[in-house]
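**Q**
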Amino acid sequence: MAKDDNEKEYEIEYSEPVGILAAQSVGEPGTQMILRSFHFAGIESAIATSGLPRIVELVDAKKKPATPITYVYLSGSAGKNVEEADRIAKKINEVKMSTLVKRTVENFSKGTIKILLSKQELESEELTLGQVADRIQKVMKVEARAEDRYVLVKIHTKNLKEIRSTGVKLMKAVISGIEGAGKAVIQRDKKSGEFYIIAAGSNIEGILTVDGVDKSRIYTNDVFAMYRVFGIEAARNAIAKELSTTLDEQKISVDIRHLLLIADAMTAGGTIKGVGRHGLSGQKNSVFAKAAYEETVKHLINAAAFGEVDPMKGVTENILVGKQIPIGTGSVRLAIKKEDMSRAKPR
Amino acid sequence: MQAEIIDSVKFGIVSPEQIKRLSVVKLSVPDTYNEDGYPIDGGLLDQRLGVIDPGLVCKTCGARAKSCPGHFGHIELVRPVIHSEFSKIIYMVIQSTCRSCHRILLNDDGIKMLEERSHGISILEEEMIGEGEGEEEGKKSDEKSLLKRIRSIKKCPHCGAVQQKIKFSAPTYFYIEDRKLKPDEIRDAMAAVSNEDLKILGIDPDASRPEWLILGLLLVPPVNVRPSITLESGERSEDDLTHKLVDIMRINQRLGQNINAGAPQIIIDDLWELLQYHVTAYFNNETSGIPPARHRSGRALKTLAQRLKGKEGRFRYNLSGKRVNYSARTVISVDPYIDLNEVGVPHEVAEKLTVPFYVTAWNLEKAKEMLARAQYPSILNLVSTDGKRKRVIDINREELLKELKPGDILERQLVDGDIVLFNRQPSLHRMSIMAHRVRVLPGKTFRINFCVTPPYNADFDGDEMNMHVPQTLEAQAEAKYLMEVQYQIFSPRDGEAIITNNEDGITGMYFLTKDETRLDKEEASYVLGIAGIYELPEPTKDGMYKGKDVFSMLLPKDLDFEIKSHGNTFKISKGKLVEGVVTKETYGRGNNKLLIKIGMDYGPEALRNFLFVSSKLADAYVTLAGVTVGTKEYMTNDEIEKARAELLENTFKQVDEKITQYKDGKLDPLIGYTRRESLERMIIVDLNVAREEAGSVLIKYVNALNSAMQMARAGSRGSIFQYEQMSMFLGQQATLSGGRIKRGYYTNRVLPHIYSGDVRPRARGFVATNYYTGLSPIDLFMHAVGSRGSEVYKALLTARSGYLYRRLSNALQDFHVDRDLSVRDTNNNLIQTVYGGDAVSPVNVQFLKMAEKEKEK
């Protein structure tokens, strides 16, 4: 092989089955993924799902990741100023009623709920009883008043069921911060020294409404949130990036091209589709390929009922009937001209 | 060599007319054999359906068991029944057509809208696809609501009839206004739907009329499909399908008799329903809503759907995976003296497997010579132009020699140099099947070079591997030029070499290339001779040979190479190793830049040869130098013991301090954590630091010549971490959830020997003892908890990752690179405009990286 760096030399060959290569490159090291031993680099590594479960979650196109995380970078001076960053983090940090509550007392004859709040939690979230009461009044559209040690919620009904269900709903009410943003914490970038916020939720639509957030750098591991806010190309990049970081964490080196292909396959239709039977595999137009994969009988029955035609162009179909597959070396034919044929007579 | 090319396959439903056309006999006797053991005429094994017993002649085609393909029969059902598998489709059709005029329940606008739709999916199909998961948001709007609209239409837009609600109850019951619809009523309704309306619904009326889904005639498959087996006791055992068909015929006969006898309606209806049940079970014995039909022994019958379904079904077991001839399987063992691209084949195997030799006018003489041979490389079979295969034996050899002509194919025994495919399961990546050259050897195992074990993930503890002999010239060429070992050295996963030397080979290289290594003339000649090199390098002044110079004999004479890693330089200048030691970093699996360099500059054959020669050299030297590992390697001295005790003491003290701080409320929590969580994380960090510290203690105090340590340093086997487990302590044991062990005994502790609520290291799974001195009882328990956890996890992981792989490969298998370097599937849908953004092959990425680096210089 020559030493020159002719680009053709490194080029992918015609009809290379790149899909299978990608599947093998991700599938083969799957068994090597290890049980995470103890290395807690930062807060993220502790909360985020990792390893095989995370990969499965990504390629399945789960609507919501098990552990959504949003990285919020700050614009202007906030990135360098802790107080400012903290102020923004407070605005984002989602506080649910349930975290503040110590005890509730329902009074069914008066139609009231007495909520005792934890002083410690209130302090750490920098909230007062009055603020909580105001917020409840606003969100729940019920009458709420701050008494000396507790919040009194009045519901003008004596319907037992209604009081109960209001109480349950109350616990879910968001008292401060952005709904769905989760717990927000300030972090400091080890290299640049910049402050940023990570939130254990993925409501980036909501977070983007907060002043001081750098809209061009926000990132979440929830690929559907990326799709909703930034579109399909962003989602494609996010899928590839998430796959890549997950594999890197496991110290498994997989070329980015394989991950990009998986991400592209999942997003080529304009929406995010998983690789399973409800996603990419379910949308093949070969009856045989679908039948050989999963839900054999269902696919055959439908094909028969609607009079479908299998064009026999894919890999599985042709293996089933014993033909050469139409990719790789199977996609080329050797041809010889008739006149050349006549010249090739034996001696 | 394809006789017929299947262009496409059209699916459809067999119409009653087709059934009559296909059927050669109407079956009427619900039994199989008479008392004489002879198939009953009109019974389920009627000889017109084909024969399976050798010696009998098929009454339809006159052929014997081997060549008769079998023929269909049919049963006339006295009352029609619903094909249960299609009941959902029946329901859709019945719902979307008028109850009275049977036109589609859409006005002309709606029909037009449907017809104009660009994509071919019908509303009915959409409904079925949508079943699994929630539809995507965008698609929902107009089309989805159309079907809903059809359902909610109260009055037929064509005849104005009021539409009653039709209820469907799985598997086969339909109700209109709480009255049960009989199958014949449904059939009439289906038959009245026009072809045009069916087309609107997406049904091709030529292939499938919905009234055909209600069965009046039941097609009976040939006996070849359901052969009976004769047990050793002489008893006949029928196939499950035959059993089920007997049931259907019995009830059918009884129903007919009752109807003729004028039995009350209720009895007729009961029998009708029973017939429906049997037919349902015949198609799918796992239909929800019916009890599965059982064999006498209580085993559920395997009926039609069960034959097709699942991993052991027809599709995945017989069609996606095929059994082959020309293959062999046996245990593998190592042979360091055969090349990487060779495979040692037992004589016994080579005698049985054959390679076709195509006789032409040009090689007729050679062919005759081969055919004349009676001993080992001889001809086993002769396939003449008419496709007949004759066994060549001493008796007919002369005769065959005379008849031999161009066009014949000789099947000759396997000989040295033949190309074969070699495989080890599970075949997780393409390097799991590679082409090797045959080397016929005595013995009964396949022999392979140790360097090719990593791609196969093989070892020699009893592993078996498969060998396949490609039969066509095309296949042989493909194997030779694409699949042979040297072309698979670099993995397409990341472009790194996957075929490398390992373990002892690395140890040998490490010892050989150490700065102080000197060999005398005899030693140098010995190791180089084994490697197949019959020259000596320049000796030093005292007549000795430097290890580095001996190694350099393997290198191409113009190789210049330099890498730096972890502060160590590795430099080759003009084909001579001048600085650095060969370790796993340069030579083994993983970050093997030397192999990439050789592969890139000198090509795959040279690299293969380098690996082969260097592995022989390394093995020779390691035998000469001698390495041994025993318990003595892990014996500690006072220094180490002291350091170990100190380290543990300090760590425990640190942790204790934190616990006290926590108890006093003085511990500052980490950002975003509660105080309790913070304490836990801080303890874990401390314990981790202790473990890392233990490693550096060992490096500091263990003798540099300790062979276990040297091997860890060379990267050939073992690591510092494992040394730690032997001589220092095992460290923290993890649970499945990744935390410390904290439960077990009922009051917040692992064992009754521990105080409740104790969070100190040793109470929560920190093992402070080691393998050399032995584990303390509590430590042993903790260690067992950790081991069990990881064992369980491993089992779960293999299952899950196997499924992930199956799904991925199924979804991506049709993708390939087109002529314009875009990625497309086999229907020409565009997936990527340029593969990977730059069209670089992943196999070459490391070459590219290296080339770019060299260009910078």
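Those protein sequence lines, which keep their order, are chains A and B. Heads up, the final residue of the first sequence is numbered 1495 in our numbering, and it's a clean run with no missing numbers. Heads up, the final residue of the second sequence is numbered 921 in our numbering, and it's a clean run with no missing numbers. Every residue gets a Cβ at the ideal spot worked out from N, C-alpha and C, and that includes glycine.
On a Cα-Cα basis, can you pick out the residue from A/K1438, A/I1410, A/T1444 that is closest to A/P1459?
**A** Ranking A/K1438, A/I1410, A/T1444 by Cα distance to A/P1459 puts A/K1438 first.
**Q** If contacts are defined as beta-carbon pairs under 8 Å, then B/M775 and B/Y836 qualify, I think. What distance do you get, rounded to the angstrom?
**A** Going by Cβ atoms, the distance from B/M775 to B/Y836 rounds to 17 Å, so no, they are not a contact pair.
**Q** I'd like to check one pair, A/I1334 with A/F1343: are the Cβ atoms closer than 8 Å?
**A** Contact flag set, yes.
**Q** On a Cα-Cα basis, can you pick out the residue from A/V1290, A/G1476, A/K1267, A/A1281 that is closest to A/P1165?
**A** Here the closest residue by C-alpha is A/G1476.
**Q** Tell me, please, whether the CB atom of A/Q1172 is closer than 8 Å to any CB atom in chain B?
**A** Yes, A/Q1172 counts as interfacial toward chain B.
**Q** To the nearest angstrom, how far is the alpha carbon of B/T564 from that of B/P620?
**A** Cα-Cα distance, rounded: 18 Å.
**Q** Strictly by DSSP, which residues pair up with B/A859?
**A** Answer is none; B/A859 lacks a bridge partner.
**Q** Listing by chain order, which chain B residues have their CB less than 8 Å from the CB of A/N1369?
**A** What A/N1369 touches in chain B: nothing, since even the nearest Cβ is about 17 Å away.
**Q** Where B/S182 and B/G266 are concerned, what is the direct C-alpha to C-alpha distance, given to the nearest angstrom?
**A** Residue placement at B/S182 is flagged as unreliable, the pLDDT there being 43, under the threshold of 50; a coordinate-derived value is accordingly withheld.
**Q** Just grab the DSSP bridge partners of B/F421 for me.
**A** Paired residues: B/L474.
**Q** State the Cα-Cα distance for the pair B/M156 and A/T1215, rounded to the nearest angstrom.
**A** So the alpha carbons of these two residues sit roughly 41 Å apart.
**Q** For B/Y97, which residues from the same chain have a beta carbon less than 8 Å from its beta carbon, with the 5 sequence-adjacent residues on both sides left out?
**A** Cβ neighbours of B/Y97 beyond the five flanking positions: P103, I104, G107, L109, R300.
**Q** How is the alpha helix (DSSP H) around B/E626 delimited, first residue to last?
**A** Looking at the DSSP string, B/E626 is not in any alpha helix (DSSP H); the run it does join, the beta strand (DSSP E), is 625-629.
**Q** Of all the CB atoms in chain B, is at least one closer than 8 Å to the CB of A/I1160?
**A** With 8 Å as the cut-off, A/I1160 counts as an interface residue toward chain B.
**Q** Check this for me: beta carbons of B/Q796 and B/D750, under 8 Å apart or not?
**A** Result no, Cβ atoms of B/Q796 and B/D750 do not sit closer than 8 Å.
**Q** On a Cα-Cα basis, can you pick out the residue from B/G853, B/T724, B/R745 that is closest to B/L734?
**A** The candidate whose alpha carbon is nearest that of B/L734 is B/R745.
**Q** So, are the CB atoms of B/Q550 and B/N405 less than 8 Å apart?
**A** Cβ distance < 8 Å, so B/Q550 and B/N405 count as in contact.
**Q** Quick one: is B/E207 near chain A, going by C-beta distance under 8 Å?
**A** With a pLDDT of 47 at B/E207, under the threshold of 50, the modelled position of that residue is not reliable, and no figure is offered here.
**Q** Quick one: which unbroken alpha helix (DSSP H) runs of 4-plus residues sit fully inside the region 1358-1428 of chain A? Chain order, please.
**A** Entirely contained in the region 1358-1428 of chain A, the alpha helix (DSSP H) runs reaching 4 residues are, in chain order, 1371-1378, 1380-1397, 1404-1415.
**Q** With 7 Å as the C-beta to C-beta threshold (strictly closer), list the residues of the region 490-507 of chain B near chain A in chain order.
**A** The region 490-507 of chain B vs chain A, Cβ under 7 Å: L492, H493, R494.
**Q** Let's see if you can read the secondary structure: which residues bound the beta strand (DSSP E) around B/Y685?
**A** Looking at the DSSP string, B/Y685 is not in any beta strand (DSSP E); the run it does join, the alpha helix (DSSP H), is 657-689.
**Q** Looking at C-alpha atoms only, which residue of B/A798, B/G900, B/V423 is the closest neighbour of B/L537?
**A** Taking only the C-alpha atoms, the option nearest B/L537 is B/V423.
**Q** Around the Cβ of B/R363, are there at least 16 other Cβ atoms within 10 angstroms (buried) or fewer (exposed)?
**A** The residue is exposed, with fewer than 16 neighbouring Cβ atoms inside 10 Å.
**Q** With contact counted as at least three CB pairs below 8 Å, one residue from each stretch, are the region 471-482 of chain B and the region 422-438 of chain B in contact?
**A** These segments touch.
**Q** At the level of alpha carbons, what is the spacing between B/D902 and B/S131?
**A** So the two alpha carbons sit approximately 56 Å from each other.
**Q** Give, in chain order, every residue of the region 428-448 of chain B whose Cβ lies closer than 8 Å to some Cβ of chain A.
**A** Hits within the stretch: zero.
**Q** So the candidates are A/I1168, A/G1341, A/L1169, A/P1201; which of them puts its Cα closest to the Cα of A/T1179?
**A** Looking at the Cα atoms, A/P1201 is the closest of the given residues.
**Q** Within the continuous beta strand (DSSP E) that includes B/S397, where are the two ends?
**A** Counting along the chain, the beta strand (DSSP E) containing B/S397 begins and ends at 391-398.
**Q** Please list the terminal residues of the continuous beta strand (DSSP E) segment that includes B/R739.
**A** Unbroken run through B/R739 is the alpha helix (DSSP H), 739-765; no beta strand (DSSP E).
**Q** In the region 1272-1343 of chain A, which residue ranges form an unbroken alpha helix (DSSP H) of at least 4 residues, counting only runs that do not cross its ends?
**A** Correct list: 1277-1288, 1308-1320.
**Q** With three or more beta-carbon pairs closer than 8 Å as the criterion, would you say the region 289-306 of chain B touches the region 82-100 of chain B?
**A** Verdict: yes, contact present.
**Q** Can you round the beta-carbon distance between B/I158 and B/A271 to whole angstroms, since I take them to be within the 8 Å contact cut?
**A** In fact, because the Cβ distance is near 19 Å, the residues do not count as touching under 8 Å.
**Q** Please look up how many angstroms separate the CB atoms of B/Q924 and A/I1168, rounded, as I've assumed it's under 8 Å.
**A** Since the displayed chain B opens at 65 and closes at 921, residue 924 of chain B lies outside it and no answer follows.
**Q** Can you give the beta carbon distance from B/S391 to B/R511, rounded, assuming they're within the 8 Å contact cut?
**A** No, B/S391 and B/R511 are not in contact; Cβ-Cβ is about 18 Å, not under 8 Å.
**Q** So, helix, strand or coil for B/L368, using DSSP?
**A** Helix at B/L368.
**Q** Between A/H1426, A/K1244, A/I1326, which has its C-alpha nearest B/R871's C-alpha?
**A** If we check each option's Cα against that of B/R871, A/H1426 comes out closest.
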